[in-house]
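Scroll down for the structure; my scribbles are underneath it.
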Amino acid sequence: MWKLIKLEWTKNHVSKYILGAVIVTGVIGLLMFAQCYLGIANDASSGVPDSVPGMDTMAPQIELFTNLCFLIFTAAMMSSFIITPYMNKTMNLMFSYPIKRQKIVIAQMLSVWLFCFVALLVGKLLIYTILTTMKGSFTAYFTLGYNMADVNFYVQILLKTAVTVTLGFIALYVGTSMKSSKAAIITSFLLFAVMNGTVGDFSLRGNAIVPITLVIISLICAYLSIYKVETKDLK
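Residues are numbered in this note's numbering as their position in the sequence shown, beginning at 1, plus a constant of 67.
Written as structure tokens, this is what we have:
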């Protein structure tokens, strides 16, 4: 399986996705630095940071922007690795190999999941580390809201990262069902809206039921994406 995963990375020129992940992380990092230490979100008249409820520290802001960008990034990679080959018929050639179809599709899915999980995790930790190390050199307009010396901090980061990337399986299933890469991308936006939506005074952000439910749906979608692939003809 590991050889198939590496083959997928080679076949799809993973270096361009590494560059993309670096650029995304860099842009978010600059934005977060400007938010925290340059006061770009400060009210012009009062000089006080102008933030929405629940975003008065840097931790939720980092999570918001990184999760949004990398959920879309994951959906885009799923489209490139899996949906596009279905659409342009190159998947037919892959299925002619003396390897089970399910194994090929699982390798494609895992190649995207592993890459995006590592990219998102490293990106988050890098941004958190930069803001922490700069704390003594700049005046902070937002409190950081996290403690990198706390083990629970890393547990939370791992869980949130895994949840975000796993949601890409829903986008994959929608995209393959509709035979549309655009549908997968749009689905990723909708998933993020559901994860962070607010209805009246009730916010879905921080509600554990929502991510747990979506992860279960994601795993079901992952199963359905490989279900009967051995006998299903490509059209």
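Where is the CB? At the ideal position from N, CA and C, for every residue including glycine.
{"Item": "Measuring alpha carbon to alpha carbon, tell me which residue in M176, V277, T206, F209 is nearest W76.", "Value": "M176"}
{"Item": "Smallest Cα separation from I107: which of K70, Y208, M262?", "Value": "Y208"}
{"Item": "Measuring CB to CB, does F148 end up less than 8 Å from I95?", "Value": "no"}
{"Item": "Can you look up T124 in the DSSP assignment and give me helix, strand or coil?", "Value": "strand"}
{"Item": "Can you check whether the CB of V261 is closer than 8 Å to the CB of A251?", "Value": "no"}
{"Item": "Ignoring anything shorter than 4 residues, give me the alpha helix (DSSP H) runs that lie fully in the region 202–258, in order along the chain.", "Value": "218–233, 235–245"}
{"Item": "Per DSSP, what kind of secondary structure is K167 in: helix, strand or coil?", "Value": "coil"}
{"Item": "Would you say F236 and C183 are within 8 Å of each other, going by their C-beta atoms?", "Value": "no"}
{"Item": "Between P278 and the rest of its own chain, which residues show a CB-CB distance below 7 Å, the 5 nearest in sequence each way excluded?", "Value": "V230, M262"}
{"Item": "Hey, how far is the Cα of F269 from the Cα of T151?", "Value": "Note that F269 has pLDDT 45, beneath the 50 cutoff, so the model's placement of it is unreliable and no number is given."}
{"Item": "Can you tell me whether R79 is helix, strand or coil according to DSSP?", "Value": "Checking the sequence shown, residue 79 turns out to be Asn, not Arg. DSSP places N79 in coil when its eight states are reduced to three."}
{"Item": "Are the beta-carbon atoms belonging to T199 and L187 less than 8 Å from one another?", "Value": "no"}
{"Item": "Assuming the contact rule is C-beta atoms closer than 8 Å, V172 and S292 should be a hit. Round their C-beta distance to whole Å, please.", "Value": "7 Å"}
{"Item": "Could you name the residues of the same chain whose beta carbon sits closer than 6 Å to that of C103, not counting the 5 residues immediately before and after it, in chain order?", "Value": "M125, L198, A207, F209"}
{"Item": "Verify whether the separation of the beta carbon atoms of A88 and G190 is less than 8 Å.", "Value": "yes"}
{"Item": "CB-CB under 8 Å to K170, same chain, minus the five flanking residues each way: which ones, in chain order?", "Value": "M68, L71"}
{"Item": "DSSP three-state call for Y104: helix, strand or coil?", "Value": "helix"}
{"Item": "In the DSSP assignment, the alpha helix (DSSP H) including A289 goes from what residue to what residue?", "Value": "276–293"}
{"Item": "Taking the beta carbon of K302 as the centre, do at least 16 other beta carbons fall within 10 Å, making it buried, or is it exposed?", "Value": "Residue confidence for K302 is low, a pLDDT of 49 falling below 50, so the modelled location carries little weight; the figure read from the coordinates is stated next. Answer is exposed; the Cβ neighbour count stays below 16."}
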